[in-house]
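Read through the structure below, which is laid out as structure tokens, and then see the notes.
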Amino acid sequence: MMGMKRDKKDEEDASGGNPFHNVEKTAVLQEARIFNETPVKARRCTHVLTKILYLINQGEVLGTTEATEAFFAMTKLFQCKDVVLRRMVYLGIKELATIAADVIIVTSSLTKDMTGKEDTYRAPAIRALTAITDNTSLQAIERYMKQAIVDKSPAVSSAALVSSLHLFKSAPDVVKRWVNEAQEALNSDNVMVQYHGLGLLYQIRKTDRLGVTKLVAKLTKMPLKSPYAACHLIRMVCKLIEEEESAGGEVTSLMDYLESCLRHKSEMVIYEAAHAIVNLRRTGPRELAPAISVLQLFCSSPKPALRFAAVRTLSNVAMTHPAAVTACNLDLENLITDSNRSIATLAITTLLKTGGEASVDRLMKQIASFVSEISDEFKVVVVEAIRSLGLKYPRKHSTLMSFLSGMLRDEGGLEYKASIADTIIAIVEDNPDAKEAGLTHLCEFIEDCEHTSLAVRILHLLGREGPRTKQPSKYIRFIYNRVILENAAVRAAAVSALSHFGATCEDLLPNILVLLQRSQMDTDDEVRDRATYFYSVLSRKQAALNSQYILEGLQASLVTLEKALLNYVQQPNEAPFDLKSVPLAPVIEERLVAPSGQIDGAGSRAAPASVAAPTATRLPATATRQDVYIEKLSAIPQFASFGPLFKSSAPAELTESETEYVVRCVKHTYAQHMVLQFDCTNTLSDQLLENVNVAVEAPEGFDILLSIPCQKLEYSVMGTCYVALSLPESVLSSTGTCSATLKFTVKDCDPTTGLPDSDDGYEDDYVLEDVEIGVSDHIQRSAKASFGTAWEEMGSMNELQETFSLPAIRTLDEAVRNIISFLGLQPCEWSDKVPEGKSAHSLLLSGVFRGGYEVLVRSKLALSPEGGVTMQLSVRSGDAEVSELVASAVG
Amino acid sequence: MDNHVLEPSLYVIKGIAILDNDGKRILAKYYDANTLPTAKEQKAFEKNLFNKTHRANTEIIMLENMTCVYKSNVDLYFYVMGSSHENELILVSVLNCLYDSISQILRKNVEKRSLMENLDVVMLALDEICDSGIILESDPIAISYRVSLRNDDIPIGEQTVAQVLQSAKEQLKWSLLK
Numbered sequence: 001m002m003g004m005k006r007d008k009k010d011e012e013d014a015s016g017g018n019p020f021h022n023v024e025k026t027a028v029l030q031e032a033r034i035f036n037e038t039p040v041k042a043r044r045c046t047h048v049l050t051k052i053l054y055l056i057n058q059g060e061v062l063g064t065t066e067a068t069e070a071f072f073a074m075t076k077l078f079q080c081k082d083v084v085l086r087r088m089v090y091l092g093i094k095e096l097a098t099i100a101a102d103v104i105i106v107t108s109s110l111t112k113d114m115t116g117k118e119d120t121y122r123a124p125a126i127r128a129l130t131a132i133t134d135n136t137s138l139q140a141i142e143r144y145m146k147q148a149i150v151d152k153s154p155a156v157s158s159a160a161l162v163s164s165l166h167l168f169k170s171a172p173d174v175v176k177r178w179v180n181e182a183q184e185a186l187n188s189d190n191v192m193v194q195y196h197g198l199g200l201l202y203q204i205r206k207t208d209r210l211g212v213t214k215l216v217a218k219l220t221k222m223p224l225k226s227p228y229a230a231c232h233l234i235r236m237v238c239k240l241i242e243e244e245e246s247a248g249g250e251v252t253s254l255m256d257y258l259e260s261c262l263r264h265k266s267e268m269v270i271y272e273a274a275h276a277i278v279n280l281r282r283t284g285p286r287e288l289a290p291a292i293s294v295l296q297l298f299c300s301s302p303k304p305a306l307r308f309a310a311v312r313t314l315s316n317v318a319m320t321h322p323a324a325v326t327a328c329n330l331d332l333e334n335l336i337t338d339s340n341r342s343i344a345t346l347a348i349t350t351l352l353k354t355g356g357e358a359s360v361d362r363l364m365k366q367i368a369s370f371v372s373e374i375s376d377e378f379k380v381v382v383v384e385a386i387r388s389l390g391l392k393y394p395r396k397h398s399t400l401m402s403f404l405s406g407m408l409r410d411e412g413g414l415e416y417k418a419s420i421a422d423t424i425i426a427i428v429e430d431n432p433d434a435k436e437a438g439l440t441h442l443c444e445f446i447e448d449c450e451h452t453s454l455a456v457r458i459l460h461l462l463g464r465e466g467p468r469t470k471q472p473s474k475y476i477r478f479i480y481n482r483v484i485l486e487n488a489a490v491r492a493a494a495v496s497a498l499s500h501f502g503a504t505c506e507d508l509l510p511n512i513l514v515l516l517q518r519s520q521m522d523t524d525d526e527v528r529d530r531a532t533y534f535y536s537v538l539s540r541k542q543a544a545l546n547s548q549y550i551l552e553g554l555q556a557s558l559v560t561l562e563k564a565l566l567n568y569v570q571q572p573n574e575a576p577f578d579l580k581s582v583p584l585a586p587v588i589e590e591r592l593v594a595p596s597g598q599i600d601g602a603g604s605r606a607a608p609a610s611v612a613a614p615t616a617t618r619l620p621a622t623a624t625r626q627d628v629y630i631e632k633l634s635a636i637p638q639f640a641s642f643g644p645l646f647k648s649s650a651p652a653e654l655t656e657s658e659t660e661y662v663v664r665c666v667k668h669t670y671a672q673h674m675v676l677q678f679d680c681t682n683t684l685s686d687q688l689l690e691n692v693n694v695a696v697e698a699p700e701g702f703d704i705l706l707s708i709p710c711q712k713l714e715y716s717v718m719g720t721c722y723v724a725l726s727l728p729e730s731v732l733s734s735t736g737t738c739s740a741t742l743k744f745t746v747k748d749c750d751p752t753t754g755l756p757d758s759d760d761g762y763e764d765d766y767v768l769e770d771v772e773i774g775v776s777d778h779i780q781r782s783a784k785a786s787f788g789t790a791w792e793e794m795g796s797m798n799e800l801q802e803t804f805s806l807p808a809i810r811t812l813d814e815a816v817r818n819i820i821s822f823l824g825l826q827p828c829e830w831s832d833k834v835p836e837g838k839s840a841h842s843l844l845l846s847g848v849f850r851g852g853y854e855v856l857v858r859s860k861l862a863l864s865p866e867g868g869v870t871m872q873l874s875v876r877s878g879d880a881e882v883s884e885l886v887a888s889a890v891g
Numbered sequence: 001m002d003n004h005v006l007e008p009s010l011y012v013i014k015g016i017a018i019l020d021n022d023g024k025r026i027l028a029k030y031y032d033a034n035t036l037p038t039a040k041e042q043k044a045f046e047k048n049l050f051n052k053t054h055r056a057n058t059e060i061i062m063l064e065n066m067t068c069v070y071k072s073n074v075d076l077y078f079y080v081m082g083s084s085h086e087n088e089l090i091l092v093s094v095l096n097c098l099y100d101s102i103s104q105i106l107r108k109n110v111e112k113r114s115l116m117e118n119l120d121v122v123m124l125a126l127d128e129i130c131d132s133g134i135i136l137e138s139d140p141i142a143i144s145y146r147v148s149l150r151n152d153d154i155p156i157g158e159q160t161v162a163q164v165l166q167s168a169k170e171q172l173k174w175s176l177l178k
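From first to last, the protein sequence lines stand for chains V and L. The numbering of the first sequence is full-length UniProt numbering, which starts it at 1 and goes up by one. The numbering of the second sequence is full-length UniProt numbering, which starts it at 1 and goes up by one.
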């Protein structure tokens with residue numbers, strides 16, 4: 001009916017039901033001139049305005065001039081009384097507010113509509129006004145906003161509350177004054193007003209925990225009419241529980257409230273409560289049970305969204321409490337055939353986590369039947385489930401591996417393929433039985449892999465793991481095929497992988513040399529260079545050379561190496577460049593975290609990234625934390641004579657986190673010196689600190705050389721001061737404890753401007769916690785690909801052996817972690833992973849002591865029958881005193 | 001995976017979109033400056049979303065770290081997007097409100113042609129449902145009441161004779177139906 005009218009009126013309607021089909025920007029803006037005619041033709045103007053809004057919504061960009069012109073033309077339409085037109089004008093104002101200039105001009109028109117009699121104008125006028133209001137004009141409308149919040153029309157009240165929330169972002173101080181009005185809105189009979197009132201009230205009180213506690217205590221007693229508001233309250237309660245927990249407060253009543261919400265009449269609220277309980281950190285099996293049974297009911301709901309929500313939450317629970325979800329197994333089985341593939345996938349992955357070993361084969365078959373139909377995101381979820389499964393049931397590796405290799409062959413994006421490859425790599429590293437099969441699958445995959453980065457990673461893995469398998473020769477063909485068929489980056493990686501085989505397997509060496517010789521004719525520089533380099537190293541047939549120049553690779557930090565070389569070239573120098581002068585790149589510590597994460601079986605999102613770390617970040621090309629420090633320290637002339645930076649420790653807090661002054665200390669070790677860097681932050685807004693320094697009492701043997709104060713420490717701006725120490729001559733006394741005190745001059749200042757009230761200040765000091773200097777501060781981690789070779793090479797010249805008993809430590813895992821963190825050495829050959837159920841383990845560690853002495857530690861651990869762990873520690877290093885220091889460190 | 005507590009906030013809707021049966025945008029609004037900030041990314045997302053959803057009418061899907069609930073009728077597809085941690089049922093309630101309000105505005109005639117003819121009112125309805133990511137109203141009756149003030153208010157001078165007749169017929173018809 002309406003359409004008929006339009007059809008006659010507008011010519012362009014011809015195009016298949018879309019009257020806006022051929023709308024074009026310049027033409028429409030021309031048409032907008034009609035806005036200026038009097039009297040206003042409401043219907044025609046509405047149509048033109050709709051076109052403009054449609055264009056903007058389609059992504060058309062208006063320039064400032066265009067937008068401003070249209071905006072000003074639009075203001076003329078305020079003369080007309082047509083309701084739809086007026087409302088479209090409000091929409092137009094909101095759309096153009098961010099593009100056009102001088103939008104503030106319509107403030108008075110909107111204020112008039114907002115305070116007028118017409119209810120249908122008032123609510124949208126308030127919202128349009130919010131879009132054009134800045135902080136200065138907010139003062140002028142504040143009175144109206146307060147009135148509107150408590151208006152008896154729900155639409156007006158909601159509009160005002162929602163607008164206040166938007167305004168809170170830019171003018172929190174003004175909006176905070178409306179707290180009484182918001183409080184009144186909370187008691188409204190209208191559900192939406194109640195919801196918006198609660199939202200605003202929480203936003204205002206958010207930072208005041210006592211205020212929130214009171215609000216929650218009140219609201220949990222009076223039932224909220226709006227389901228949205230109830231959901232919001234549940235989230236507030238959860239946040240409060242987490243905060244109270246960490247502050248050691250009592251939360252039982254809050255937990256009881258959450259549980260009571262499971263009996264709410266709205267499904268939305270029930271689900272919110274179940275989801276909340278499940279996600280709380282403190283939740284144990286007892287709290288979990290009622291939430292799970294609610295979710296179980298939802299699993300058979302006719303609404304897909306509800307089933308989805310339930311199974312998704314259950315799949316999360318399955319990661320942390322698999323036993324609790326077992327009760328739902330039957331319901332989950334029914335969902336495997338759900339027409340919504342997302343639900344089916346989640347159901348299966350959950351079952352994989354909760355089900356027994358016996359059901360694995362059947363479930364894998366089920367997944368295979370529809371894996372091609374689901375989106376990449378969900379395929380990744382499936383792959384992650386398989387990863388945790390592989391770690392849980394090592395015996396099932398053949399089923400899983402063949403499934404994964406099938407998935408590898410299917411279509412899919414890089415992220416998906418990478419997650420499969422990561423999973424195979426993880427299973428290979430974790431389970432020696434699966435190694436051969438996994439490597440074979442990966443070999444087949446790179447035969448037809450379009451992602452260069454993935455192929456390079458797999459070749460690197462083959463180079464590392466392949467030579468140690470029973471039959472290394474069978475991998476050579478796959479690798480050499482890459483040399484013939486692929487692009488330059490993959491060819492280069494393949495050449496490197498080949499050289500690893502040559503270095504490790506003597507019987508293959510002649511063949512490898514022939515292959516490398518061929519690659520010396522390659523068209524690409526990098527490939528040729530690598531082939532030539534490896535050829536000349538390998539053809540010497542010296543094990544030491546091989547391990548140093550092929551297996552170990554470059555361990556220096558690349559960014560620093562680049563700088564050192566640049567310096568060397570710029571200053572004429574007779575002596576050859578010394579690689580030892582370049583600090584070692586710290587081995588990325590994530591590697592230590594990854595395995596423990598996997599053992600938890602969480603298969604968490606973080607895990608694939610960190611497992612990838614060792615291969616991907618062997619030679620970090622970007623600036624690491626240490627490089628940033630080097631940059632900073634080399635800018636200070638006093639430290640120039642200390643030589644290159646050897647190691648920087650992780651920052652240690654010397655204060656509690658919420659005190660007046662926050663100080664963190666980073667220890668920088670040089671060959672003969674140590675620089676303590678104190679990062680200080682002043683958390684008092686009414687104080688300005690000047691001449692800030694840290695007074696340190698050095699342990700015996702250490703001398704304080706100089707102290708560089710921080711001139712000025714403004715509120716919440718971090719300042720840094722330094723103290724330089726010379727290290728004692730004897731290596732044996734290079735550990736100790738320094739007491740530290742922060743000393744400064746205080747000037748009181750105006751909190752808003754930060755300017756001091758007067759020029760006089762007074763001296764003050766603040767006692768900090770002690771700075772510990774341990775063995776690990778003198779040692780840089782460095783990985784050894786083959787610990788045994790390195791151990792033999794080092795010889796027993798400076799070997800020390802000691803036996804300790806560690807009664808306080810109960811598991812081998814704990815012992816391994818403690819030793820690593822205490823000595824600051826790098827575990828080699830995955831020896832930081834303790835196989836389950838073993839009572840003895842040997843941990844292999846390597847690193848470099850300052851001054852360039854290599855340190856190797858072999859530590860044999862055994863669980864002693866009377867509890868505790870017994871450890872035999874053997875240390876080899878380039879220096880007798882270093883060996884002694886390291887050996888004595890543990891005791 | 002996401003063992004974290006949701007930050008209590010009223011900003012729950014990340015986007016609302018109405019697409020036609022070629023997957024082309026009729027109306028779409030994205031409320032979160034951090035998700036899909038440019039028109040190009042938005043259109044790419046819509047294309048992907050449409051491809052994943054137009055065949056199977058299964059109400060819910062996760063895509064690009066968002067939970068999307070959807071509903072279709074004849075040649076129209078309605079979508080509501082929220083964070084992947086959002087309560088799915090809240091999103092569904094907004095979707096239902098969107099669909100039911102539009103259905104009322106279009107007098108149960110939910111198809112592209114009639115929607116395009118009433119695009120102005122549909123825009124107003126969308127604006128009444130969600131304001132910059134906050135659910136403003138979830139009751140379709142309230143929405144259609146707030147926006148559907150059309151026929152009765154045309155100044156008589158601007159109506160043609162045919163229009164006057166038409167609206168007279170209309171009113172007669174409705175009074176008979178009641």
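Virtual Cβ for every residue (Gly too), placed ideally from N, Cα, C.
query, result
"N-terminal and C-terminal residue of the beta strand (DSSP E) that Lys-632/V is part of", "Run containing Lys-632/V: none in the beta strand (DSSP E); it sits in the alpha helix (DSSP H), 625 to 634."
"Chain L contacts from the region 108 to 141 of chain V (Cβ-Cβ distance under 8 Å)", "Thr-120, Ala-123, Pro-124 and Arg-127"
"Interface partners of Cys-231/V on chain L, CB under 7 Å", "Asn-87 and Ile-90"
"Cβ-Cβ separation, Pro-756/V to Leu-688/V (assumed contact under 8 Å), whole Å", "5 Å"
"C-beta atoms of Lys-108/L and Leu-76/L nearer than 8 Å", "no"
"Interface flag, Ala-434/V vs chain L, CB-CB below 8 Å", "no"
"Outcome for Gly-157/L when other beta-carbon atoms lying within 10 angstroms are tallied against a minimum of 16", "Bear in mind that a pLDDT of 46 at Gly-157/L, under 50, signals an unreliable position, so the model cannot answer this."
"Any C-beta of chain L under 8 Å from that of Lys-239/V", "yes"
"Short Cβ contact (8 Å threshold) for Asp-522/V with Arg-491/V", "yes"
"Chain-ordered chain V contacts of residue 183/L [CB-CB under 9 Å]", "Outside the shown range of chain L (1 to 178) lies residue 183/L, about which nothing can therefore be said."
"Ala-276/V in three-state terms, based on DSSP", "helix"
"Status (buried if at least 16 other CB within 10 Å, exposed otherwise) for Thr-130/V", "buried"
"At least 3 beta-carbon pairs within less than 8 Å: the region 774 to 788 of chain V vs the region 801 to 813 of chain V", "no"
"Closer than 8 Å to chain V by CB, Arg-146/L", "yes"
"Within-8 Å CB hit, Ser-101/L to chain V", "no"
"Ser-246/V at chain L interface by Cβ criterion, 8 Å", "no"
"Per-residue burial, Tyr-202/V [other beta carbons within 10 Å of its own, 16 or more giving buried]", "buried"
"Short CB-CB distance (under 8 Å) between Ser-342/V and chain L", "yes"
"Per-residue DSSP class, three states only, for Ile-809/V", "coil"
"Spatially closest choice to Ala-494/V from Phe-744/V, Ile-446/V, Thr-133/V and Tyr-257/V, by CA coordinates", "Ile-446/V"
"Within the region 351 to 422 of chain V, ranges of the alpha helix (DSSP H) (whole runs, at least 4 residues)", "360 to 370, 376 to 392 and 397 to 409"
"Supposed contact pair Ser-419/V and Val-383/V - C-beta distance, whole angstroms, cut 8 Å", "5 Å"
"Cutoff 8 Å: Ser-93/L Cβ touching any chain V Cβ", "yes"
"Chain-ordered chain V contacts of Thr-58/L [CB-CB under 7 Å]", "Pro-304, Ser-339 and Asn-340"
"Chain-ordered residues of the region 266 to 287 of chain V with a beta carbon less than 8 Å from chain L", "Glu-267, Met-268, Tyr-271, Glu-272, His-275, Ala-276, Asn-279, Leu-280 and Arg-281"
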